Amino acid sequence: MRRPFIAGNWKMNTNRSSAVALAEGVAKQAAALDGVDLAICPPSCYLDAVGRAIAGSKVALGAQNMYHEKDGAFTGELSAAMLRDLGCKYVILGHSERRHILGETDAAINKKVHAALAAGLLPIVCVGELLSEREAGHTLTVIQTQFDGSLAGLSAEQMGKVVIAYEPVWAIGTGKVATPQQAEDVHLALRKIIAKRYNSSIADSVRLQYGGSVKPGNAAELLKQPDIDGALVGGASLKVDQFLGIVAGAL
Ligand code: PEP
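Taking my numbering, the leading residue of the sequence shown gets 134, the next gets one more, and so forth.
Here is the structure:
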């Protein structure tokens, strides 16, 4: 049985006090919940403060990005060890905004995935097609290419530690959610890709999140699909009641 996993990606939002208040609110509401894993991923400058706010709670800390090198002259970057030092358990890698706005390639993401795992961080690796790619019928080719490139060279044991977030780019922050069937189709395809490269027991164990305009009103339908094990939530993770409303859909 895969345990549902809901993660909030706060992106470049909040300030110090609103980040701490949001984290405290989520941690407080999460105290009564069982049977679901939760994480929040604040901006890196607030990881320390948010980590303190959720210490000892059921909510784990995640980062939104990292660099693959261990240390050195990489101005503005953060290493996996630094994120561990701040208390992070997870790191989001290859988010579509990093791929499409900041030019991150599968090869760069792959280096980050290896560095994260080597440092004991659990990567949430994002894949997803553009609207033009879906309309051209290329969704599964794009997913296969991103999987092959971003997750190259992982042992079966390492693959078992990765969470994959399927986030169709056309659904992120647009209010246009994939239908449960559209999302399920890609999740099932991803599970088959994992089974083909590894085996069915690894494929059955890897958690696959859906991301893209998930809200309390559509979460339950998405999360009840057999191959959707959780959600990566952007906008709705910035409000305690909305984030927890989505979590309720997983229970
Ligand atoms: C995201 O950024 O990962 C995301 C899914 O955003 P939103 O929920 O706002 O579409």
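Ideal placement from N, C-alpha and C gives every residue a C-beta, glycine not left out. Quick caveat, the model's predicted, so the values are computed rather than measured.
Any heavy atom of the ligand PEP closer than 7 Å to the CB of A369? Position 236 of the sequence shown, counted from the start, is the residue given in the question as residue 369. True, at least one ligand heavy atom lies under 7 Å from that Cβ.
Is the beta carbon of H320 closer than 8 Å to that of Q358? Locating residue 358 in the sequence shown gives position 225, where the first residue counts as 1. Locating residue 320 in the sequence shown gives position 187, where the first residue counts as 1. It is a contact, given that the beta carbons lie within the stated cut-off.
Give the range of the alpha helix (DSSP H) segment to which P313 is assigned. As a first step, residue 313 is located in the sequence shown; it is residue number 180 there, counting from the start. Start and end: 313-330.
Is D167 helix, strand or coil when you go by DSSP? The residue given as residue 167 occupies position 34 in the sequence shown. If DSSP states are grouped into helix, strand and coil, D167 belongs with coil.
Hey, is S283 close to the ligand PEP, as in C-beta under 7 Å from one of its heavy atoms? In the sequence shown, residue 283 corresponds to position 150, counting from 1. Checking every heavy atom of the ligand PEP against the Cβ of S283, none is found closer than 7 Å.
Report, in whole angstroms, the separation of the C-beta atoms of L323 and L341, which I expect to be a contact under 8 Å. Walking along the sequence shown from the start, residue 323 turns up at place 190. Walking along the sequence shown from the start, residue 341 turns up at place 208. Correct: roughly 6 Å between the Cβ atoms.
Note down the Cα distance separating S265 from G253, rounded to an integer number of angstroms. Start at 1 with the first residue of the sequence shown, and residue 265 comes out as number 132. Start at 1 with the first residue of the sequence shown, and residue 253 comes out as number 120. Near 37 Å, if we compare the C-alpha coordinates of G253 and S265.
Going by DSSP, what residue range makes up the beta strand (DSSP E) through F207? Translated into positions along the sequence shown, residue 207 becomes position 74. No beta strand (DSSP E) contains F207, which DSSP labels as neither H nor E.
Considering only heavy atoms of the ligand PEP, does any lie closer than 7 Å to the CB of I305? Stepping through the sequence shown from its first residue, residue 305 is reached at position 172. For the ligand PEP, at least one heavy atom lies less than 7 Å from the Cβ of I305.
Give me the residue from V296, Q314, A269, A241 with the minimum Cα distance to P256. By 1-based counting over the sequence shown, the position of residue 256 is 123. Of V296, Q314, A269, A241, the residue nearest in Cα terms is V296.
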